[in-house]
Structures are given as C-alpha cells and as structure tokens.
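Residue numbers (mature numbering (1 follows the signal peptide of the UniProt record, and there is no 0)): -17 to -1, 1 to 137.
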C-alpha cells in the first residue's frame, strides 16, 4: 500500500491548495492558493512578486487590496482572487484538498485526479492496461484463492 501511495505522491500534491488565513506563509507565485484554476495557481507569473507573500494583498481590515490586485494581475486572476473569502479572525494558512468542493480528501476525487493526469502513468498503468485481463480473471469459474493468487502474480 505504501508503495502505491509513494508512487502517486507527486500527483496527489497537485490536488492540494492553500486556504488563505493571514497569507504570511503562502507565496503569490510559488504556491497553489487560487481555487477553481488550473493547478490552483495564477494564469500568469508576476516576476517582481517572485518572493512576495499573499499577506501583501490583504489590508489591516482583513479585506483584499482591490486596486493593487486589479492593477497587478490579469483580469481573470484578479476576479478570482477578489472572490476568495477572508476570515475576519486571522488564522494560519492551511492546506485543503482542492479537488473536492467540500475541501476534504476522498479516494473518488483522488482517482479522478489520477485519471486526468498524464505525468505519472506508472501509478495506475496496471489498472488501465490490464483491465480486460482482470475482468476475465474474475469471471473464471475457479476457487477465489486461486484467482487471488493469479491476481497477485500479475
């Protein structure tokens, strides 16, 4: 089981997104923090904001700095950023599972993420390449322990 988790680790981290609290630990360009976007990142990189944290976009009243955001980012990015809700009480930034509307991890959403990914086919290659073989194996009229042994060998 651990080998399987390790094999898909890089792909699963693509499902993680930072939920902005104070913004002190989340990088504008470097981290995934923008919901409903590709890989939860900006559509365009802002070079002069390479090492700037999200907290620079939040004012002392815990509101987004509208003018700064609209002047700095592409229109579509600015609109999405301004729609991100900020908590009234400051809290640390934390990771959520961005591939699910509930923000909670589920095997189903992880499976969908893996199926849509081209980068790590090894992690689920047996499932797609040998699908017909496994279907035939499980329909054979053999004792279950023999089917399981064949499945393990394969």
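From the three backbone atoms N, C-alpha and C, an ideal C-beta is built for every residue, glycine too.
- Cβ neighbours of residue 65 within its own chain (closer than 7 Å, five residues either side excluded): 47, 49 and 52.
- Residue burial is scored here from C-beta neighbours: residue -12 has fewer than 16 other C-beta atoms within 10 angstroms and is therefore classed as exposed.
- The DSSP assignment places 77 to 80 as complete runs of the beta strand (DSSP E) inside the segment 64 to 103, in order along the chain (cut-off: 3 residues).
- About 6 Å separates the CB atoms of residue 81 and residue -3; that is less than 8 Å, so the two are in contact.
- Residue 135 sits in a helix when the DSSP states are folded into three classes.
- Secondary structure of residue 2 (DSSP, three-state): strand.
- For residue 47, the three-state secondary structure derived from DSSP is strand.
- For residue 10, the beta-bridge partners assigned by DSSP are 36.
- For the 9 Å CB-CB criterion, residue 11 and residue 63 do not form a contact.
- Relative to residue -1, the option among 84, 29 and 94 whose CA is nearest is 84.
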